Structures are given as structure tokens and as C-alpha cells.
Amino acid sequence: MPQSYKQSKPQEPELNHTKNNRNKSQNTKRNTEAHREWGFFYITNHGVSRDLYRKLHSLSKHLFNFPSESKLKVGPSSSVKTYTPHFIASPFFESFRISGPDFFASAQSIVDVLFDEPNSVFSETMKEYGRKMTVLSKTIVEVVLMCLGDDYEKKFYESEFSKCHGYLRIINYSPPEHVEDQDDDDDDDPEIVEGLGMHVDMAV
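Counting along the sequence shown from 1, when you hit position 58 you're at 176 in the numbering used here, and nothing is skipped either side.
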């Protein structure tokens, strides 16, 4: 393709976690432009190592590989209520919720039901990941407040956000078994599509 036909790729806005912690004021203008022009930013230096990500991915995949009847033991009708099965939010969506601030205890409540033998690897991993996400989320909230005005961070962070405890949602986007078994002839059927349609996030 001739060079003249190529379009330059737009530069996505970046939120550098390390730089924002070191000198937040210098990044306020750039972050404000990202909010107004893009509506999102790409987070770098977030503190989650590749090893931790791979470990979390492997453990989560193992969790989702449990049979449906096992996962429902921590589902909406259970006392734990941490698993969201298919068809609650979408036919192609299932998830586990790990609640803070004690991410270890929340994860362990799932492990104690699903695993036959005592196991704390998943819970320890979620504890570490939850700690890093808590630090990162605090930075993001502070950055957004600073973009609203000079006094917003001091005025609203301590009063509105300092005691907030969120949760982590581990999501598996995949069609349920009966959809996976459909004939290949149905691949073009608009009613059989992998992925989510228009929706509102459950936490909104």
C-alpha cells in the first residue's frame, strides 16, 4: 500500500501510574484532555507483573472449568452468592465476585465450597491483586477529581471515597454448552453470536 494511503494511528491517552504518583499536577492537563476527547485512558506502570497476571488467569480458568452444578453452590441461591451464572446478565457471561477490603476471605469462601482439599493459592493471589487494584483505583479517583478542579481532590476524596471498598469481578465471556454445540451452518445466524450486546454494567 502506498505510504500516502496510510493513516496515522491516533495516540491513545496514557495514564502513567508511576509519573502520576511522583508529580500529579503536571499530568492534570493531559488527563483532562483524555477525559474530554477520548473518554478513557491507557494505564501503564500499574504494578501488576506479567507473572501475577498469568497466575491469576490460570487460577481463574481453573475456577470456571468447574461443572455448572458445582459453581452454583456459590451462586445466587447460595449463602455465599459470589457466582453469577449464564443468563443472569447474558447467555455468554459468567463471573465470580471477590469482595474487598478482605479479598482473601472473600476468595476463600469460594475455595472452601468448590475444592475438596484445603487450598489458599487462589485466595493469596486475589489478596495480592486486590491490594494492587486498591492502590491503582485510589490514584485513578484522585486523577479524575483533579481534572474537575483544583480543590476537588481535597474536597471530595476523603469525604466521599476514602472509606469505599470495592470488589473484583472475574469474568468469563463464552457461550454456554448448548450454544457451542450448534451446527456450523448457524454461524451466520444473528441470534447466535459470541459476545455481549448492548447492556449496562451491573455495577453502574
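Here a beta-carbon is modelled for each residue, glycine too, at the ideal position from N, C-alpha and C. Just so you know, these numbers come straight off a predicted model, no measurement behind them.
- Spanning the alpha carbons of L263 and Y270 requires a straight line of approximately 5 Å.
- In the structure shown, T202 adopts extended strand secondary structure according to DSSP, grouped into three states.
- Counting the other Cβ atoms within 10 Å of the Cβ of G157 gives fewer than 16, which makes it exposed.
- Residue state for S213 is assigned as strand, using DSSP reduced to three classes.
- Linking L170 to E242 through their CA atoms gives a straight-line distance of about 11 Å.
- Annotation: the segment 209-286 contains the following complete segments of the beta strand (DSSP E) (minimum length 3 residues), in chain order: 211-217.
- For R215, the number of other beta carbons within 10 angstroms of its own is at least 16, and it is reported as buried.
- Its chain contains R215, I216, S217 and G218 as the residues whose beta carbon lies nearer than 7 Å to that of Y285, once the 5 sequence neighbours on both sides are disregarded; these appear in chain order.
- Excluding the 5 residues flanking it on each side, V229 has same chain C-beta neighbours closer than 7 Å at N237, F240 and S241, in chain order.
- When E260, E132, T150 and V192 are compared, the shortest CA-CA separation from A225 is found for V192.
- Between the beta-carbon of S188 and that of L232 there is about 6 Å, and that keeps the pair under the 8 Å contact cut.
- The C-alpha of T150 is placed about 33 Å away from the C-alpha of R172.
- Here Y201 is buried. Its C-beta has 16 or more other C-beta atoms within 10 Å.
- With 16 or more other Cβ atoms inside 10 Å of its own Cβ, G248 counts as buried.
- Residue range R168 to F182 is occupied by the alpha helix (DSSP H) that includes L170.
- Counting along the chain, N134 sits inside the beta strand (DSSP E) bounded by residues E132 to N134.
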